[in-house]
Structures are given as structure tokens and as C-alpha cells.
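I have placed the structure first, in the form of C-alpha cells, so that the comments after it can refer back to it.
Okay, here's the thing in C-alpha cells:
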């Protein structure tokens, strides 16, 4: 029985865990779920407390970049007792494959969750190919007029 051994998988998992927990890293701000549903990929990113007007999404080549900002609350007489929620500008990038329709990506923001709908490109969708055949034998007629 063959085993698929990826020596980098464990290191990648460990590094992702460390980055999510390290203070001051942007990875803690934008956790993401990514899945395929039907003919689209969906990415759901947690962005609680982010002003929707600060969200900026662009695609260059096959890299999708998401930028957002959570501003620091300021006010007269404000005295911080605990400040655990990260603030500031942050970004996340996704490398998209060739089988997606870059021109039809849709984004919506609701209840602190940014949802990106990334449709599968028409040329990447599975399809049936009709097989044509000649089902009946050809009839050959002879000319008996000689």
C-alpha cells in the first residue's frame, strides 16, 4: 500500500497555527472558510467590526487580494481597560486556479462576514460529449442496366 508522505504538510499546519495565535499578525483578523457548492467556490471571511466601505477587493493575474480596515475607537475621556480586538489595515491574498471565471466574482458583506462567490468557468465545467455513429449498414446498389 502506497503512502502519500508530504514532509511540508505538518510544518505548514504548525506555521498556520502559530500565525493565527501570534499577536500583531493579520492572520488572526481574517479567518476563512473555503468550499465548493455546485458551480461556484465560496470563500467566507470573518471581518467583524469592519466598515464595509473600507473593504477593497481586486484581482490581478490570478491573485485575488482582499483589504479591509478596522479603526481604533477614539473619543473624549476614553480610557482602555482591555484591548484585545486587533485594529488597523490588513489584507489577505488567494491564488486562483485557471478553472474560475474571474470576471464574474461576486462579493457581499453581512453580519461581519464577507462572502466571495467565485463561479467555475464555463470551459472548466464537466460536460458530456455526444458520440455520433452510423448505426445501420450502408446499402450498396449495383447498376444492372448493362
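Residue numbers (the working numbering): 348 to 493.
Each residue gets a CB set at the ideal place from its N, CA and C atoms; glycine is no exception.
Note that the coordinates shown come from a computational prediction; the quantities given were computed from them, not determined experimentally.
| Asked | Found |
| --- | --- |
| Take every Cβ of the region 417-433, pair it with every Cβ of the region 383-392, and state whether three or more of those distances are shorter than 8 Å. | no |
| Are the beta-carbon atoms belonging to residue 418 and residue 443 less than 8 Å from one another? | no |
| Express the C-alpha separation of residue 434 and residue 428 in angstroms, rounding to a whole number. | 16 Å |
| For residue 394 versus residue 377, is the C-beta distance shorter than 8 Å? | yes |
| For residue 367, is the classification buried or exposed, using 16 other Cβ atoms within 10 angstroms of its Cβ as the cut-off for buried? | Residue confidence is low: residue 367 scores 48 on pLDDT, short of 50, so the model does not pin down where it sits. No coordinate-derived value is stated. |
| Report the rounded CA-to-CA distance for residue 452 versus residue 413, giving the unit in angstroms. | 13 Å |
| Determine whether the beta carbon atoms of residue 448 and residue 466 lie at a separation below 8 Å. | yes |
| For residue 416, does the three-state DSSP call read helix, strand or coil? | strand |
| Leaving out five residues before and five after residue 396 in sequence, what residues of the same chain have Cβ atoms less than 6 Å from its Cβ? | 417 |
| For residue 439, count neighbouring Cβ atoms within 10 angstroms of its own Cβ and tell me buried if that reaches 16, exposed if not. | buried |
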